[in-house]
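Visitor:
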Amino acid sequence: MDLLFKNDNQICNIRAAGILLYKDQILLQEDGGEYALPGGHVKFFETAEEAVQREFSEELGVTVKTERLLFTEESFWEWNGRKTHTICFYYLLSVKDGYFSGKRTQLDNERISLSYLPIKELKNITVYPRWLAEKLEHPEETPVHIVAYD
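If you count by this note's numbering, then the sequence shown holds residues 216 to 365, one letter each, in order.
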């Protein structure tokens, strides 16, 4: 069961997302012209690290290794008229056995495509989280906590 709580006008959820880099590119998922990092909800009694590894296995069919936690985020936004509070853990990942080529549809949702995009191009597209391009330009050595209001 996902750590996802809803009522008529509010949503609260806990997520984990992965940052998979190749050269000067980042793996993103695209849906309707908007981009985001692959990931998903943390389940009850699952760590965020376990969740991101599970999500990459389910969605991409690839086994990843968690290198380190890069960011934590508390985001406050509105989705379909509901106030939403999301807590997300963003991990730097590597592929355990080689390289993931990208350029495919998500295994559990054919509407979503995955591909590597140049990090320098993130400022020119709609990408979530909105702060991603800025933070990847100047990465910190230790995890960064972000509070975002959209």
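Ideal placement from N, C-alpha and C gives every residue a C-beta, glycine not left out.
State buried or exposed for GLU288, treating a residue as buried only when at least 16 other CB atoms are found within 10 Å of its CB.
Guide: GLU288 comes out buried.
Visitor: Short of 6 Å in beta carbon distance, which residues of its chain neighbour THR299, apart from the five on each side in sequence? Order them along the chain.
Guide: Closer than 6 Å at Cβ, skipping near neighbours: ILE226, TRP292.
Visitor: Just verifying my parser: in three-state terms, what is the DSSP assignment at GLU264?
Guide: Residue state, collapsed to three classes: helix.
Visitor: Out of curiosity, what's the CA-to-CA distance linking ALA266 and ARG230?
Guide: One C-alpha to the other measures close to 8 Å.
Visitor: Helix, strand or coil for LEU347 per DSSP?
Guide: Helix, per DSSP.
Visitor: Which residue from GLY247, SER272, LEU275, GLN268 puts its Cα closest to that of THR281?
Guide: Nearest of GLY247, SER272, LEU275, GLN268 to THR281, Cα basis: GLN268.
Visitor: Just reading off the beta strand (DSSP E) that ASN324 is part of, what are its end residues?
Guide: 324-333 is the span of the beta strand (DSSP E), which, as asked, contains ASN324.
Visitor: Using C-beta distances below 8 Å, list every residue in its chain close to TRP294, excluding the 5 sequence neighbours before and after it, in chain order.
Guide: So the list reads ILE226, once near-sequence residues are dropped.
Visitor: Quick one: is PRO253 buried, meaning 16 or more other Cβ sit within 10 Å of its Cβ, or exposed?
Guide: Answer is buried; the Cβ neighbour count reaches 16.
Visitor: Using beta-carbon positions only, say whether GLU264 and TYR306 come within less than 8 Å of one another.
Guide: Contact flag set, yes.
Visitor: In whole angstroms, give me the CA-to-CA distance for LEU218 and VAL257.
Guide: Approximately 6 Å between the Cα atoms of the pair.
Visitor: Rounded to whole angstroms, what is the Cα-Cα separation between LEU235 and GLU352?
Guide: Each residue's Cα considered, the two are about 15 Å apart.
Visitor: Between LEU332 and GLN240, how many whole angstroms is the CB-CB distance? I'm expecting something under 8 Å.
Guide: Indeed they touch by this definition, with Cβ atoms about 6 Å apart.
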